[in-house]
Each structure stands twice: as structure tokens, then as C-alpha cells.
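Heads up: the structure comes next, in C-alpha cells.
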Amino acid sequence: KAGVTQTPRYLIKTRGQQVTLSCSPISGHRSVSWYQQTPGQGLQFLFEYFSETQRNKGNFPGRFSGRQFSNSRSEMNVSTLELGDSALYLCASNEWAGASYEQYFGPGTRLTVT
Amino acid sequence: AQSVTQLDSQVPVFEEAPVELRCNYSSSVSVYLFWYVQYPNQGLQLLLKYLSGSTLVKGINGFEAEFNKSQTSFHLRKPSVHISDTAEYFCAVKTGGSNYKLTFGKGTLLTVNP
Chain C
1245 KAGVTQTPRY LIKTRGQQVT LSCSPISGHR SVSWYQQTPG QGLQFLFEYF
1295 SETQRNKGNF PGRFSGRQFS NSRSEMNVST LELGDSALYL CASNEWAGAS
1345 YEQYFGPGTR LTVT
Chain U
78 AQSVTQLDSQ VPVFEEAPVE LRCNYSSSVS VYLFWYVQYP NQGLQLLLKY
128 LSGSTLVKGI NGFEAEFNKS QTSFHLRKPS VHISDTAEYF CAVKTGGSNY
178 KLTFGKGTLL TVNP
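Going down the list, the sequences are from chains C and U. If you number the first sequence the way my numbering does, the last residue is 1358 and the count never jumps. If you number the second sequence the way my numbering does, the last residue is 191 and the count never jumps.
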């Protein structure tokens, strides 16, 4: 099976701009979740999508949004970037069927806001 | 709401020594528990998980953890560490229900010295 793909791997943006990050989950997985990782706050849950529907949302401002397409690929968007949005954004591909629990993280997208 | 406390931010050990990374959680409902490892510039890799059944869980790379409900703990252990185990380790909790929202601890940096 191919792993979780996140693009781009690195990104540099300026304050006030917007950015879109992409995540392609493992084939057959219907759920994708997103996390922000920073040295100060650690790993924080952003949101989770299952079959194109947002099922959970973390405590982030409305500037952070996401969506999932019919092929399970997901995108997250951050508008009006702030310096504090600099972080590693991780996507996880999830599937839980019976006793089988699968969750695989991608390598992340490193966003730097200047 | 649930929370996770990793009691040690850094743990230095010598190669071939045993190690224990401590994790305590707080939740008013039943939980599922996980340990992840993160190597530099990489995403998270699932080491092991407790979903139900035996409280002693074995994972990859020789790691194991024990779920202790009365002490609300899920400590990670390895009897003999290698240099290659140097990484950051995260404990995470998920409450029941059909979602993949994880709450992570702040992480423990394990450094294995020769």
C-alpha cells in the first residue's frame, strides 16, 4: 500500500496570505484528520473528515478550514496567515473496521510564515 | 474533556539500559490509548495501542505498555534500548465513538547515549 502523501512538504508564506495544504490518504481509508504541531503548543487537533463530512473540529479560529473530496483526498486552508501559524501540519489517514484499527500519519507540511 | 500528561520532557539513557516513559491521562469516559514515535523531520508512527482486552500491549521495535485503569496510566517500556530509539515519543488518548480525534501529551524526548 502506498503511504500518506502530503504536499507540499515545505512552504514559506508572508503574513496576510492564504495557503492550501493537501493530503492523500491510504487507498480505502475514508477518514482524514489534521493536526498542527508547534514547539509551544505541541500537537493539536484541527479537524477530522469522514466520507466528505467534517465530523470533529478542534479549537482553532475560523481562518482554518478544510474539506474532503469524494476520492478521500483532503485539503486544509488557512487564510490571513499570522506568524503564529508557522508549524508542522500533519495529516493522518484513518480506518477502523471491527478489531482492526489503522492510523497512519503523513510526513507533514512545514509552513513558515514571515 | 480528556487530557494527557507525560511526566518527563526528556529522558537520557545509556544504550542497552531499560527505559520507561510515563504517561497519565484524565478522562471521565472510557478511553483508547496510543503511543507514537516521531523521528526528526518525520511524521508520527504508531508504536502500539490499547483498545480493549489485555492490559499489557506489545508494539513494534520491542516496546510494550501497560494500561492501568485505577492509576489512569499507560507507561511505555523497553527492556534494552538502542541508539536508533533516540526520538520523541507521544502518548495520546481517544474517547469512544466513531471519530479519530486524538489528544496528545507534550512529548518525551528519549536520548540514547553510547
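The beta carbon of each residue, even a glycine, is placed where N, CA and C say it ideally should be.
A distance below 6 angstroms between beta-carbons, with the five flanking residues on each side excluded, links C/Thr1282 to the following residues of its chain, in chain order: Ala1331. About 4 angstroms separates the beta carbon of C/Glu1339 from that of C/His1273, a gap short enough to meet the 8 angstroms contact definition. Between the beta-carbon of U/Cys100 and that of U/Ser150 there is about 7 angstroms, and that keeps the pair under the 8 angstroms contact cut.
Any Cβ of chain U closer than 8 angstroms to the Cβ of C/Tyr1345 would place that residue at the interface, and such an atom is present. In this structure, the CA atom of C/Gly1350 is about 29 angstroms from the CA atom of U/Glu92. Collapsing the DSSP output to three states places U/Ser161 in a helix.
The contact set of U/Gly120 on chain C, defined by CB atoms closer than 7 angstroms, consists of Leu1334, Phe1349, Gly1350, Pro1351, Gly1352 in chain order. Under the Cβ distance rule, U/Lys135 does not count among the residues neighbouring chain C, no pair being separated by less than 8 angstroms.
Membership of C/Thr1258 in any beta strand (DSSP E) is not indicated, and neither H nor E is assigned to it by DSSP. DSSP, reduced to helix, strand and coil, places U/Asn176 outside both helices and strands of the structure shown, so it counts as coil. Annotation: C/Gly1328 is outside any beta strand (DSSP E) and is labelled neither H nor E by DSSP. Interface criterion met: the Cβ of C/Arg1299 is under 8 angstroms from a Cβ in chain U.
Burial of U/Thr185 is indicated by the presence of at least 16 other C-beta atoms within 10 angstroms of its C-beta. Of the residues assessed, U/Phe167 falls on the buried side of the cut-off, its CB having 16 or more other CB atoms within 10 angstroms. Rounded to the nearest angstrom, the gap between the Cα atoms of U/Gly174 and U/Val88 is 34 angstroms. Counting along the chain, the unbroken beta strand (DSSP E) around C/Gln1281 starts and ends at 1275-1282.
Against chain C, the CB of U/Phe151 has no partner CB under 8 angstroms away; the residue lies outside that interface.
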